[in-house]
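Novice: Right, I'll just put the structure down here and ask away after.
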Amino acid sequence: MAKASARHILVDSEDKCIALKQEIESGKDFAEVAKQHSSCPSGQQGGELGSFGPGQMVPEFDKVVFSADLNQVQGPVKTQFGYHLLEVTSRT
Numbered sequence: 001m002a003k004a005s006a007r008h009i010l011v012d013s014e015d016k017c018i019a020l021k022q023e024i025e026s027g028k029d030f031a032e033v034a035k036q037h038s039s040c041p042s043g044q045q046g047g048e049l050g051s052f053g054p055g056q057m058v059p060e061f062d063k064v065v066f067s068a069d070l071n072q073v074q075g076p077v078k079t080q081f082g083y084h085l086l087e088v089t090s091r092t
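Be aware that the sequence shown starts at 1, since it is given in UniProt numbering, and climbs by one per residue.
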């Protein structure tokens, strides 16, 4: 079964999500941005979600995590929880 590890940042607006993505792409550390801005409890661990398989996250999340290039910031991804930036750190 496929497994992936990822980290994410959850915010309440698409505009904020886009602004944070631009900060990361211009050199800010993903984990630091997660600690400062993510509304998910995982933010305190730099957005780390650990390892999971298909179907363990919401469908919008799964679609990105199991298809996106590794170590590149993806998003905004809209789910019922808000807007996410995702970074897939490994996949097997």
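Yeah, the Cβ is synthetic: ideal placement off N, Cα and C, and Gly gets one too.
Do Tyr83 and Cys17 have their beta-carbon atoms positioned less than 7 Å apart in this structure?
Specialist: Within the sequence shown, residue 17 is the residue found at index 17, counting from 1. Within the sequence shown, residue 83 is the residue found at index 83, counting from 1. Yes, they are a contact pair.
Novice: Could you tell me whether the region 3-10 touches the region 36-54, using the rule of 3 or more Cβ pairs below 8 Å?
Specialist: Because the criterion of three Cβ pairs below 8 Å is met, the region 3-10 and the region 36-54 touch.
Novice: Near Ala68, what residues of its chain come up, given a Cβ to Cβ distance below 6 Å and the 5 sequence neighbours on each side ignored?
Specialist: Position 68 of the sequence shown, counted from the first residue, corresponds to residue 68. Around Ala68: Gln74, Val88.
Novice: Residue range of the alpha helix (DSSP H) that Val64 falls in?
Specialist: Start at 1 with the first residue of the sequence shown, and residue 64 comes out as number 64. Note, Val64: alpha helix (DSSP H), 59-65.
Novice: Suppose the cutoff is 6 Å on Cβ atoms and the five residues either side in sequence are ignored; what does the same chain contact list for Leu70 look like?
Specialist: Against the sequence shown, residue 70 aligns to sequence position 70. Correct list, in chain order: Val88.
Novice: Straight-line CA distance for Phe52 to Ser26?
Specialist: Position 52 of the sequence shown, counted from the start, is the residue given in the question as residue 52. Position 26 of the sequence shown, counted from the start, is the residue given in the question as residue 26. About 29 Å.
Novice: Does DSSP put Gly27 in a helix, in a strand, or in coil?
Specialist: Locating residue 27 in the sequence shown gives position 27, where the first residue counts as 1. Three-state result, Gly27: coil.
Novice: Using 7 Å as the threshold, is the C-beta distance between Val77 and Glu60 below it?
Specialist: For this step, residue 77 is matched to residue 77 along the sequence shown. For this step, residue 60 is matched to residue 60 along the sequence shown. Closer than 7 Å, so yes.
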